[in-house]
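Heads up: the structure comes next, in structure tokens.
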Amino acid sequence: MPTHALRVAAAGAAAAALLATSACSDGGGEKKRGKDGAAQDIKKPEWGECEAPTPAEGGGQVPGKDWQCAVLDVPLDYAEPEGETIPLALIRAKARSADKADKRIGSLVFNFGGPGGSGITSLPGAAKEYAALRERYDLVSFDPRGVGRSAPVLCEDDKQLDAYYASDSSPSTPEEEKQFLATSKKYKDACETKSGKVLPHVGTENAARDLDRLRQALGDEKLYYFGISYGTELGGVYAHLFPKNVGRAVFDAVVDPTKNSEQGALGQAKGFQLALGNFAQDCVNRGDSCVLQGSTAKEIEANIIKLQKQLAAKPIPGSGDRLLTEDAATNGIAFALYSKEAWPLLEQGLDEAEGGQGQLLLAMSDALNGRDPKGTYSNIGSANTAINCADSKDRYTLAQTKAKLPEFRAASPVFGDFLGWAMMGCTDWPVAGVWNTPDVSAPGSAPILVIGNTGDPATPYEGARKMAERLGPGVGVELTFKGEGHGAYNSGDPCVQQAVNSYLLDGKVPGAGTVCTASKSPAPTSPV
């Protein structure tokens with residue numbers, strides 16, 4: 187399991203499971219002065235019809251008639267703002283109140299996470315969930331630099347990626363360790379060969395500067411923003427760099443800005459183990475309607491561990507000539523834990539795998555890795571690695587990684603090995619990282635609503651409080667959602683959605699410490 191496997195956003199992964207854009211106008215630009223002190227010639231996008239997403243974006247159908255696409259040129263290197271540019275692919279659906287100046291607020295920019303998720307595919311697929319916000323906002327998203335069609339990071343080809351994902355990423359012998367290191371080095375060398383020019387420039391600070399360019403191009407004095415998963419880290423860095431430019435912003439499924447790579451991976455091990463336990467307990471609670479063997483959650487988990495060991499010894503048939511390996515099964519389990527709606531698929535996939543058929547778990551693993559049924563990969567994996575490694579300074583040795591494995595295994599008997607070995611994801615990367623943890627302090631920013639989900643596997647609940655604290659007093663406003671899955675607003679919970687909509691649409695900030703409980707509370711409950 188490569189480094190990115192458990193880091194991708196649920197929205198991007200789901201889109202992968204299941205544009206050529208218009209050029210910018212030559213005129214209409216206006217001179218602005220950015221934080222770097224460099225004059226910026228911001229050209230307004232020329233919106234036109236969208237075409238089908240590219241393979242790097244995950245493919246799919248042409249968005250419907252409501253959608254428009256464009257390109258915004260941004261500097262490849264912000265140290266040379268007048269130098270070479272790269273394109274950012276944009277997509278929008280105009281506000282339903284677009285013709286009513288007193289109703290329309292501006293553009294609400296989404297980043298669905300990853301890092302590496304394509305906004306071109308994610309926003310149209312998720313737009314129904316945000317329909318209430320479209321009443322007063324243009325809904326806007328984009329492919330961040332290095333992603334999709336925005337100067338995409340490319341590494342190995344589809345056949346090579348099939349072999350890469352089928353390789354053993356949790357070695358247990360010296361020979362397997364040697365092969366693991368060689369496979370990882372080959373992948374990273376391919377990234378440097380194909381994408382070496384952009385690798386130094388795909389980090390989150392540059393993406394945040396792109397966001398401010400986008401804000402100006404959209405004609406908004408403030409950035410109205412909805413960040414999910416990694417999008418919360420991007421939003422936090424933006425708020426740090428441009429606190430006075432923050433309008434109303436929501437961070438959902440929050441990345442903990444205080445944790446380095448090792449701490450973040452260990453937190454995920456605990457988070458996915460917690461979510462798996464909740465899934466298993468739900469199965470037990472349903473009695474005979476649950477097809478999995480085991481009268482307790484621990485027994486169900488023990489059977490999953492037994493399945494992992496059996497697959498490590500002998501993979502089973504998956505799809506075509508591809509096999510379900512231990513890695514792929516674990517990846518597929520992780521995919522299903524991103525959303526409670528996928529729990530029935532996980533139950534079915536585990537039942538089939540125990541019976542010798544691995545097609546469903548392999549399909550879910552493919553979805554997490556950005557592989558479509560035809561065998562074409564999006565660039566979400568390549569972009570994820572490149573962005574993480576451009577950001578993080580952490581470069582762990584083999585000895586350091588092996589020394590940490592017992593702690594990871596104790597945190598999660600199911601996911602610990604894989605996330606422990608994933609600490610080496612940036613070892614031998616050709617570009618140095620810039621931070622141990624991101625600075626998200628944002629004194630002077632408008633309030634930012636920070637939502638933590640107690641059952642979130644990928645971005646554990648504690649990260650929301652840490653983000654709110656680091657944003658600073660009067661900026662980070664925490665809301666707790668007692669639910670399952672990755673994120674809160676997309677759960678459809680009316681309490682969460684009412685709190686978010688009231689803030690984004692009417693500027694009403696919920697009380698700090700507000701709590702929503704899944705499917706139980708029709709309205710926010712203020713803390714005592």
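With the sequence shown counted from 1, adding 186 to any position gets you our numbering.
All C-beta atoms in this analysis are idealised placements derived from N, C-alpha and C, irrespective of residue type, glycine included.
According to DSSP, is residue i part of a helix, a strand, or is it coil?
| i | result |
| --- | --- |
| Gln254 | strand |
| Arg557 | strand |
| Gly504 | strand |
| Lys668 | strand |
| Trp621 | strand |
| Asn446 | coil |
| Tyr181 | Since the first and last residues shown for the chain are 187 and 714, residue 181 lies out of range. |
| Thr587 | helix |
| Leu319 | helix |
| Leu274 | strand |
| Ala698 | coil |
| Asp343 | coil |
| Pro386 | helix |
| Val682 | helix |
| Arg290 | coil |
| Val600 | coil |
| Val441 | coil |
| Asn297 | strand |
| Arg282 | coil |
| Thr640 | strand |
| Leu262 | coil |
My assumption, with CB atoms under 8 Å, is that residue i sits in contact with residue j. Please give the rounded CB distance.
| i | j | result |
| --- | --- | --- |
| Arg322 | Ser283 | 6 Å |
| Ala628 | Leu657 | 5 Å |
| Arg163 | Ala279 | Residue 163 lies beyond the range of the chain shown here (187 to 714); nothing can be said about it. |
| Tyr264 | Arg395 | 5 Å |
| Gly518 | Ser551 | 4 Å |
| Ser356 | Phe604 | 5 Å |
| Gln402 | Ile228 | 4 Å |
| Thr703 | Ala685 | Not quite, the Cβ-Cβ distance comes to about 13 Å (not below 8 Å), so this is no contact. |
| Pro633 | Val682 | In fact, because the Cβ distance is near 17 Å, the residues do not count as touching under 8 Å. |
| Leu385 | Pro616 | 6 Å |
| Leu420 | Ala461 | Not quite, the Cβ-Cβ distance comes to about 24 Å (not below 8 Å), so this is no contact. |
Compute the distance between the beta-carbons of residue i and residue j, then report whether it is under 9 Å.
| i | j | result |
| --- | --- | --- |
| Phe437 | Leu635 | yes |
| Pro503 | Leu497 | no |
| Asp442 | Gly641 | no |
| Ala451 | Gly606 | yes |
| Asn489 | Glu538 | no |
| Ala275 | Ser336 | yes |
| His672 | Ala439 | yes |
| Gln449 | Ser505 | no |
| Glu670 | Asn471 | no |
| Gly269 | Gln254 | no |
| Cys341 | Lys383 | no |
| Leu554 | Arg508 | no |
| Gly611 | Leu347 | no |
| Ser677 | Lys526 | yes |
| Asp354 | Tyr563 | no |
| Thr379 | Pro624 | no |
Using a Cβ-Cβ cut-off of 6 Å (strictly less than) and excluding sequence neighbours within five positions of residue i, which residues of its own chain qualify?
| i | result |
| --- | --- |
| Ala569 | Gly302, Gly332, Val333, Val339 |
| Val388 | Arg331, Gly332, Ala572, Ile573, Ala576 |
| Lys364 | none |
| Thr516 | Phe604 |
| Pro646 | Gly453, Gly457 |
| Asn622 | Asn446, Lys579 |
| Ser631 | Ala425, Pro429, Val432, Val661 |
| Asp614 | Lys371, Lys374 |
| Arg557 | Tyr563 |
Tell me which residues share the same chain as residue i and place their Cβ nearer than 8 Å to its Cβ, disregarding the 5 neighbours each side in the sequence.
| i | result |
| --- | --- |
| Lys694 | Ser688 |
| Gln467 | Ala483 |
| Arg599 | This sequence places Pro at residue 599; Arg is not what is there. Closer than 8 Å at the Cβ level, and outside the excluded window around Pro599, lie Gln459, Glu487, Ile491. |
| Asp406 | Gly292, Ser293, Gly433 |
| Lys588 | none |
| Gly660 | Pro633 |
| Ser481 | Val470 |
Can you name, in chain order, every residue of its own chain whose Cβ lies under 7 Å from the Cβ of residue i, other than the five neighbours on each side?
| i | result |
| --- | --- |
| Cys469 | Cys476, Leu478, Ile486, Glu533 |
| Asp285 | none |
| Val248 | Cys236, Glu237, Ala238 |
With hydrogens ignored, establish whether the beta-carbon of residue i is closer than 8 Å to any heavy atom of the ligand ZN.
| i | result |
| --- | --- |
| Ser475 | Inclusion of the ligand ZN in the displayed structure is not the case, the ligand content being empty and no account of it being possible. |
Cβ contact (3+ pairs, closer than 8 Å) linking the region 575-591 and the region 424-433: Taking a cut-off of 8 Å for Cβ pairs, the region 575-591 and the region 424-433 do not touch, as fewer than three such pairs fall below it.
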